[in-house]
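Protein chains in written order, with the numbering used here: chain A, 1 to 110; chain B, 1001 to 1112.
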């Protein structure tokens, strides 16, 4: 692993189902972030964590939850997926400077 | 309306041409970052500017932070097909920790 690993790469999910997007980093960065990227809307922050054990809400948190049990992992959970959550999801981490992004998870909710 | 407005949204040019991408806001930022994103990948950091009026060069790319720290520009000289991608600016506001707000992006295509 070098940097940030996201899984799965892509997923088709039935509406109403629960899903967890995984994110793991090996850089020991304190801060981690989840963004969604939609055409015409750019990258919007869903949730963030400044350090292990703490999380906060971003610009578009509704329908999503996160946890930060340790420094390396920052999973994003959709409790009951809806079609408007169809998007590309990016996890990122930072040591106080620029962000390092994962390659993204393309999620389609049908 | 986004906090950071990028223009143009789309740009298609021929190899060898010069171009400038703008990132504007009414808010003051403590720093501003530029990223490039290729299809199927996450954004990759190009540069961070932190001082009003600062100019940074990265080979054929020149980045400038406005004097009032509300805007920035990216100028590419003699564009190459390898410069093709989505260019994103992102600002960090004072007292916002390390959280970034992203602009909508400029999609650049450089044709050979």
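Where a beta carbon is used, it is the ideal one built from N, C-alpha and C, also for glycine.
- The residue among B:1015, B:1005, B:1100 and B:1016 with its C-alpha nearest the C-alpha of residue 59 (chain A) is B:1100.
- Listed in chain order, the beta strand (DSSP E) runs fully inside the stretch 23-69 of chain A are 31-38, 42-49 and 64-66, counting runs of at least 3 residues.
- Taking C-alpha positions only, residue 1081 (chain B) is separated from residue 1036 (chain B) by approximately 14 Å.
- Beta-bridge annotation (DSSP): residue 1110 (chain B) is paired with B:1013.
- Separation of residue 31 (chain A) and residue 11 (chain A) (C-alpha to C-alpha, rounded to the nearest whole angstrom) is 26 Å.
- Assigned with DSSP and collapsed to three states, residue 1071 (chain B) falls in strand.
- Residues of the same chain with a CB within less than 6 Å of the CB of residue 1022 (chain B), apart from the 5 flanking positions on each side, are 1007 and 1073 in chain order.
- Contact between residue 22 (chain A) and residue 75 (chain A) holds, since their C-beta atoms are separated by about 5 Å, short of 8 Å.
- Look at the stretch 46-64 of chain A: the residues with a C-beta under 9 Å from a C-beta of chain B are 48, 50, 56, 58 and 59.
- When only Cα atoms are considered, residue 45 (chain A) and residue 106 (chain A) end up about 16 Å apart.
- For the stretch 1038-1051 of chain B, the residues whose beta carbon sits under 8 Å from a beta carbon of chain A are, in order, 1040, 1041, 1042, 1043, 1044, 1045 and 1048.
- For residue 1104 (chain B), the C-beta contacts it makes with chain A under 8 Å involve 40, 41 and 42, in order along the chain.
- Residue 1091 (chain B) carries a strand assignment under DSSP once its states are collapsed to helix, strand and coil.
- Residue 42 (chain A) and residue 1004 (chain B) have their alpha carbons spaced roughly 10 Å apart.
- Among the residues of chain B, none has a CB under 8 Å from the CB of residue 84 (chain A); the nearest is roughly 19 Å distant.
- Under the Cβ distance rule, residue 1033 (chain B) counts among the residues neighbouring chain A, one pair being separated by less than 8 Å.
- Contact between residue 1052 (chain B) and residue 1071 (chain B) does not hold, since the beta-carbon distance rounds to 10 Å and is not under 8 Å.
- The Cβ atoms of residue 1098 (chain B) and residue 96 (chain A) sit closer than 8 Å to each other.
- Residue 99 (chain A) has a beta carbon lying within less than 8 Å of a beta carbon in chain B.
- Across the set A:54, A:99 and A:78, the C-alpha of A:54 shows the shortest separation from the C-alpha of residue 67 (chain A).
- Note that the C-beta distance between residue 77 (chain A) and residue 108 (chain A) is not below 8 Å.
- In this structure, the straight-line span from the alpha carbon of residue 1109 (chain B) to that of residue 1089 (chain B) is close to 17 Å.
- The beta-carbon separation of residue 1015 (chain B) and residue 1112 (chain B), rounded to 5 Å, stays under the 8 Å limit for a contact.
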